[in-house]
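Residue numbering for the sequence shown follows my numbering, starting at 5 and increasing by one per position.
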Amino acid sequence: MSLLGSLLGKGKSLSQPTTRGVTSLPMPTQPIFVIGDLHGRSDLLERVLELIDREIGAHRLKDPKLVFVGNLIDRGPSSRDVIARMQELTQEFPDNVVCLLGNHEQMCLDFLDTPVARHARWLKDGAAATFESFGLRLGGGLIDGSNAVEAAEALREAMGEQAIAWLRARQLIVSSGNLHVVHAAADPRRPLDDQTPRVLTWGHPEFLGVARGDGQWVAHGHSPFDHPHLKDSRISVDTDAWRSNILSAAMILPTGQVGFVQTTS
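Written out as structure tokens, the structure is:
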């Protein structure tokens, strides 16, 4: 698989993670790259694609799959460009590129559906940056009950129905072998095929503190860490890219090998 994009800045290639707390190995049926939360950083998206492309060539990987964990939008400056690029990639490589639904995309869709009831939560979590990326300015930087419907109509027109339909079609989980990729979390006390959409998208209070006991692994974003890592049946790839300038991806091979690639500022 050849990916579009060129290296616009420096980057770090594959590094071996620590294995503290690891009692089994994640073993997907094909090579999988799991890419962390983008949050409007189209520049970092292009850099990580180039780094991943290098690893695919260096390791001579056959039929690799790229899974983006969602949270494409908000906070960073280029939500519009990220959505467009991800649409392009998933359409050009439908069997090899998957993008999950993040809670920020869900907040955007909720706002478009019921703007008066749902505007406050999304605005608090970075919606203004998404509006600005689509060329829209919020009056006074606020949406309230008096202008929420108007703001939703303006955003809907700017985004276009095709992009909105694409966001609605994002799946919540990708499974391969004993590896499962989600946006936020999975309830560690329930089977992976018995998770609620809310947990997969928004998280679970026990996810980061309780290891699974069934030999299944969960790769996820949503919860930022200083470094990507694997521990207690979890592989965490969110490194707060919009703020840190470090977008991380995990490479997980059918042999159980796990490594990380990261952009640098």
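We treat Cβ as the ideally placed atom computed from N, Cα and C, and that holds for glycine.
In this text the structure is predicted, and so the values were computed from the model without any measurement.
Among the options, the one whose alpha carbon lies nearest that of residue i
i, options, result
"L104", "W170, K235, A158, Q34", "W170"
"G207", "E161, H108, E96", "H108"
"R172", "D117, D244, L42, R89", "D117"
"I39", "M90, R84, A62, G80", "M90"
"R160", "F264, L42, R84", "R84"
"E164", "L127, V102, R194, A88", "The sequence as given places Gly at residue 164; Glu does not occur at that position. Cα-wise, what sits closest to G164 is A88."
"H224", "V265, V52, R174, V178", "V178"
Distance, residue j Cα to residue i Cα
i, j, result
"P232", "H187", "15 Å"
"L257", "P32", "7 Å"
"L196", "D114", "26 Å"
"H184", "E50", "25 Å"
"S28", "P98", "31 Å"
"G139", "A162", "8 Å"
"L93", "A62", "21 Å"
"I239", "Q34", "17 Å"
"S46", "S237", "30 Å"
"Q166", "V214", "40 Å"
"F37", "L127", "31 Å"
"P228", "G149", "32 Å"
"L42", "Q95", "19 Å"
"G217", "P201", "22 Å"
"R174", "C112", "13 Å"
"F264", "V52", "11 Å"
"A189", "I168", "24 Å"
"R193", "L212", "12 Å"
"H226", "A254", "15 Å"
"V86", "F72", "12 Å"
"D230", "R125", "26 Å"
Anticipated Cβ contact below 8 Å, residue i with residue j, distance rounded
i, j, result
"L251", "L48", "4 Å"
"W246", "R79", "5 Å"
"L176", "L204", "5 Å"
"L55", "T267", "7 Å"
"Q123", "A158", "A small correction: the amino acid at residue 123 is His; Gln does not occupy that position in the sequence shown. With 8 Å as the limit, H123 and A158 do not qualify as a contact, their Cβ atoms being about 13 Å apart."
"P30", "V262", "6 Å"
"L70", "V101", "5 Å"
Contact set for residue i: own chain, Cβ-Cβ below 7 Å, skip 5 residues either direction
i, result
"G219", "S28, N182"
"P81", "G44, A133, S137"
Under 9 Å between C-beta atoms of residue i and residue j
i, j, result
"L146", "F135", "no"
"G106", "G130", "no"
"P68", "I60", "yes"
"D198", "E210", "no"
Spatial neighbours of residue i in its chain, beta-carbon cut-off 6 Å, leaving aside the 5 residues before and after
i, result
"A155", "I147"
"G260", "L29, M31"
"Q110", "T205"
Residues near residue i by beta carbon distance below 8 Å, same chain, minus five either side
i, result
"S180", "P32, T33, Q34, I36, K69"
Neighbour flag for residue i against chain D, beta carbons, 9 Å
i, result
"F229", "Note that chain D does not occur in the displayed structure, where there is just one protein chain."
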